[in-house]
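Chains as they are written, first to last, in the numbering used here: chain A, 846 to 1261; chain U, 185 to 473.
Cβ atoms here follow ideal geometry from the backbone N, Cα and C, with glycine treated the same way.
Single-structure report; data block below.
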Amino acid sequence: MVFKPHHRTVGQKGFHRRTFLRGIAGFGSAVAIAKLTGCTPSTSEGGSESGGEPLKLGLIAAITGPSALSGESIKRGLEVAIDEINANGGVMGGRPIELVIRDDESTPARGVAAARELIEREQVAAIFGGLDSPVSLAMLPVLHELETPYMGVWAAATGITRNDFDPNYAFRVSANDNIVDSFLIRYAKEETGASKVGLVLINNPWGESNQVGFEEWAPEYDVEIVGVERFNDGDTDISAQLGRLQSSGAETLLLVANAAPGAQMMRSLERLAWDVPVVSHWGISGGRFPELAGEETARKVTFVQTYSFFGEQSPVGERVLAALQEKYDLAGPADILAPVGTANAYDAMHLMALALDTAESVEGVVLREAFYNLPAYEGLIKTYEQPFTPDNHDALNEDDYILVQWDGDQIVPVAS
Amino acid sequence: MWPQLILSGMAIGSMYGLVALGFQITYAVSNTMNLSQGAFVMVGAVICYCLNIAWGVPAIAAVPITLALCAALGLVIERWIVRPFARKGSQSWLLSTIALGIIAENVAMLTFGKEVRGYPSPLAETTVSILNFGVFPLEIVIPVVGLATAVGLWLLFNRTLWGKAFRAASENPMTAQILGIPVTRLIALSFGLSTALAGLAGMLIAPIANVSATMGTLLGVKAFATAIIGGLSNPWGVMVAGVLYGVVESIAAGMLGGSYREIIGFLVVIAVLAVRPNGLFGRTNIKKV
């Protein structure tokens, strides 16, 4: 290879003043036309239907990594709602909503950095959160420092909404661990007839936080916790721990774990040939629980969700299902990645739009107050009548949870 | 409860033993080890999963292809990751093989993905009852394969001419070379054999442990621990140590709870080494001056 000195001379492939000026003029008029017609390019969802300046809202969720499906399902719920809102003229008198998405990779530090970037640089009015409670908890200080409302649509840690910040900027349309724990204990008592339960918890802070909840609620329902067993993510056989619960007389097991360890727990029950009712938090709804546990075994667990697209749908349900099918080319409800993420996000986005309309401002302080004065909203999960009060930042409560089970690779409501 | 704890421990323990045999082989021949053995358990499982489940290659072809690929990787590891350091008398192969394991894990995350996948197998679908305790048939196959491999290796090392050559290469590589033993090639072969064994272990445990990019990490560490307490000098000792380690873990989890499984397990490793520095079945290395 020979090195050739590269001299540019005028008249060769160099700089032409005329071309440059023509380019500038062309670009300028393109921008002008775009502004006139309102076709400004947007980051994700650009509504061209309503003419005002786009109003940016952020989503910080797992877009890559083991929980990537959760991020996609949340995005879909938000986008379907945004399409509806923008088609109806946007918010605050004609401003279309634009969603700006950042990937937290399930890592708290990335979530914190993304929150600061979205608020300070992108100037988003509020931020939607993802599946990982640790990420949401880590973002809270930044959101409060910058006075920006947070809307949780999945992560269920009790401390996200029931935090020590005053004023509290964290709102949620999703489950709350503490309420789920009470719900599961009540189900164990009333439906499986258990007065003695055993806890099987993943060995991490999420497991711990639910242990606190279970221990708080067990006496309320006159249920005795006869054993608490922990196991790790990679454990292949936890029959030793389950054997302890069996000998201490547990009549129903309460499970808190994600899909892969949860599946190992169910397979270990088979080793003991112990036919015991298992009631689970929603961790097993992500991942590939039926593939890992086996379809027959997967069917034996009853777990909690906020919504199911199976069975008879309300008019809103039918409308959202149709929109999802069309927008993402889905064959039916079985193709919806993670129903809770999509359903919670859909309702949360509509509540956010109502709050923006009520506040008539993107100022965090004003927007936060507006959440307490929302008009009634007929949503997907339920009709929300004053979803948030200064004492309660969780729009969903025990009455809104439903019990479901796996049927093949679909999540269907328990026939009760 | 006791038979259950012991049976469950033996099943898990024989997985550790099978992986630990890979450490033993290369150590016996070259005094070096591939510390990414755990990652190659994962590589074996992932390759076989892709061939057999994702691309529909029948198991009868997928298994030998996986073994051959793993063995080939072993040769590459020896040539490029271990030999350049070991030849200079440096111990840097310790770090380079660990680094390779981390690279392998991350490559798997990029290509195979971070999701945990199930490996369907008729041998791990329903349990069979032994002493009133359910065991997946595969959990009986694993110790059988493990013990057979251990016995096979012992016979290879102690009853064949090849074995003599292997031992000569280990005890005095220089003299062995002079006597016409292809020491370099034997060492490469031992690495190929050890990675193939990791691949075999990966395929065997996949239906029980599931397939994921991180499946080999803790397994590799525990296998290394059992190789050390087994004594590294003979294969059946390593296999027995693996089973014992599994039983200790299982009893700890059963008596004290799941949080104590690793704590008690590794405490026992330290205790064994304190009492018997050469491991349970190891021979003292006597250096004749």
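Of the listed residues U/L191, U/I196, U/W186 and U/M185, nearest to U/I392 (C-alpha basis) = Ranking the options by Cα distance to U/I392, first place goes to U/I196.
Per DSSP, which one or two residues make a beta bridge with A/L1044?
-> Residue pairing by DSSP places A/L1044 opposite A/V1073 and A/L1099 in a beta bridge.
Use the C-beta contact count for A/K1227: other C-beta atoms within 10 angstroms, 16 or more gives buried, fewer gives exposed.
-> For A/K1227, the number of other beta carbons within 10 angstroms of its own is at least 16, and it is reported as buried.
Could you give the distance in angstroms between the alpha-carbon of A/S1125 and the alpha-carbon of A/E1141?
-> Distance between the alpha carbons of A/S1125 and A/E1141 is about 16 angstroms.
Do you know offhand how far A/L1201's Cα is from U/G383's?
-> Whole-angstrom Cα-Cα distance: 57 angstroms.
To the nearest whole angstrom, what separates the beta carbons of A/K1041 and A/V998, a pair I think is in contact under 8 angstroms?
-> In this structure A/K1041 is not in contact with A/V998, their Cβ atoms being roughly 35 angstroms apart against a cut-off of 8 angstroms.
Determine the direct distance from the alpha carbon of A/I964 to that of A/Y1014, and round the result to whole angstroms.
-> When rounded, the distance between both Cα atoms is 14 angstroms.
Run down chain A in chain order and give the residues with a C-beta less than 8 angstroms from the C-beta of U/A195.
-> Chain A residues near U/A195: D1082.
Bridge partners - A/D1252, DSSP secondary structure assignment | According to DSSP, residue pairing for A/D1252 in a beta bridge involves A/Q1255.
Look at the alpha carbon of A/A959 and the alpha carbon of A/Q1170, and state the distance between them as a whole number of angstroms.
-> Approximately 31 angstroms, taken between the alpha carbons.
Any C-beta of chain A sitting closer than 8 angstroms to the C-beta of U/N394?
-> At least one beta carbon of chain A lies nearer than 8 angstroms to the beta carbon of U/N394.
Which residues bound the beta strand (DSSP E) around U/I314?
-> Looking at the DSSP string, the run of the beta strand (DSSP E) that includes U/I314 is V312 to I314.
Taking C-beta to C-beta, are A/S1113 and A/L1090 nearer than 8 angstroms?
-> Going by C-beta atoms, A/S1113 is not nearer than 8 angstroms to A/L1090.
For A/P1106, the nearest candidate out of A/R1017, A/I1083 and A/E1115 (CA to CA) | Of A/R1017, A/I1083 and A/E1115, the residue nearest in Cα terms is A/I1083.
For A/Y1152, the three-state DSSP class (helix, strand or coil) | Coil at A/Y1152, not helix or strand.
For A/Q1086, go through chain U and note every residue whose CB falls closer than 8 angstroms to its CB, in chain order.
-> Close partners of A/Q1086 in chain U (Cβ separation under 8 angstroms): A437, G438, G441 and G442.
Rounded C-alpha distance that separates A/F1028 from A/S981 | Note on geometry: alpha-carbon atoms of A/F1028 and A/S981 lie some 23 angstroms from one another.
Please list the residues of the stretch 1133–1163 of chain A that have a C-beta atom closer than 7 angstroms to any C-beta atom in chain U, keeping them in chain order.
-> If the cut-off is 7 angstroms between Cβ atoms, the stretch 1133–1163 of chain A has R1133, E1136, L1137 and G1139 near chain U.
Please report the residue range of the beta strand (DSSP E) in which A/R1017 lies.
-> Counting along the chain, the beta strand (DSSP E) containing A/R1017 begins and ends at A1015 to R1017.
Mind listing, in chain order, the continuous beta strand (DSSP E) runs of no fewer than 3 residues lying wholly within the stretch 986–1035 of chain A?
-> Taking only runs of at least 3 residues, the beta strand (DSSP E) segments lying wholly in the stretch 986–1035 of chain A are 995–997 and 1015–1017.
Compute the Euclidean distance between the alpha carbons of U/T311 and A/E992, then round it to the nearest angstrom.
-> Inter-residue distance for U/T311 and A/E992 is about 56 angstroms (C-alpha atoms, whole angstroms).
Residue burial classification, A/A932 (beta-carbon count within 10 angstroms, cutoff 16) = Around the Cβ of A/A932, a 10 Å sphere holds fewer than 16 other Cβ atoms; the residue is exposed.
Tell me whether the beta-carbon of U/G206 lies closer than 8 angstroms to the beta-carbon of U/V427.
-> Taking 8 angstroms as the Cβ cut-off, U/G206 and U/V427 do not qualify as a contacting pair.
Taking contact to mean at least 3 C-beta pairs separated by less than 8 angstroms, is the stretch 1157–1173 of chain A in contact with the stretch 1031–1050 of chain A?
-> Counting Cβ pairs under 8 angstroms, fewer than three are found: no touch.
Report all residues from its chain with a CB closer than 7 angstroms to the CB of A/Y1217; omit the five preceding and five following residues, and keep chain order.
-> Cβ within range, chain order: F1233, T1234 and P1235.
Validate contact between the stretch 218–230 of chain U and the stretch 274–287 of chain U using beta carbons, cut 8 angstroms, 3 pairs | Result yes; three or more Cβ-Cβ pairs closer than 8 angstroms.
For U/W264, count neighbouring C-beta atoms within 10 Å of its own C-beta (all shown protein chains included) and say buried if the count is 16 or more, exposed if not.
-> U/W264 should be labelled exposed.
Enclosing alpha helix (DSSP H) for U/F375 [first to last residue] = First-last of the alpha helix (DSSP H) with U/F375: V367 to A393.
From A/I976 to A/P1184, what does the alpha carbon distance come to, in whole angstroms?
-> Strictly speaking, residue 976 of chain A in this sequence is Leu, with Ile absent from that position. The alpha-carbon atoms of A/L976 and A/P1184 are separated by roughly 13 angstroms.
Beta carbon proximity, U/Q275 to chain A, threshold 8 angstroms = No - not a single Cβ of chain A is within 8 angstroms of the one on U/Q275.
If you drop the 5 nearest sequence neighbours on each side, which residues of the same chain put their C-beta closer than 6 angstroms to that of A/A926?
-> Taken in chain order, the residues that qualify are Y1191, M1194 and H1195.
Would you list, in chain order, the members of the stretch 298–313 of chain U that have their beta-carbon closer than 9 angstroms to a beta-carbon of chain A?
-> So the close ones are K298, E299, V300, R301, G302, P304, A308, E309, T310, T311 and S313.
Expressed to the nearest angstrom, what Euclidean distance is found between the alpha-carbon atoms of A/S1153 and A/V1257?
-> Distance from the CA atom of A/S1153 to the CA atom of A/V1257, rounded to whole angstroms, is 7 angstroms.
Rounded to the nearest angstrom, how far is the Cβ of U/N418 from that of U/V300, given a contact under 8 angstroms?
-> Their Cβ separation, rounded to whole angstroms, is 36 angstroms, which puts U/N418 and U/V300 out of contact at 8 angstroms.
Tell me, please, whether the stretch 1128–1139 of chain A touches the stretch 1095–1111 of chain A by the rule of three or more beta-carbon pairs shorter than 8 angstroms.
-> Yes: at least three Cβ pairs fall under 8 angstroms.
Taking the Cβ atom as the reference point for each residue, do U/T474 and U/L294 lie within a distance shorter than 8 angstroms?
-> In the structure as shown, chain U begins at 185 and stops at 473. Residue 474 of chain U is therefore absent and cannot be evaluated.
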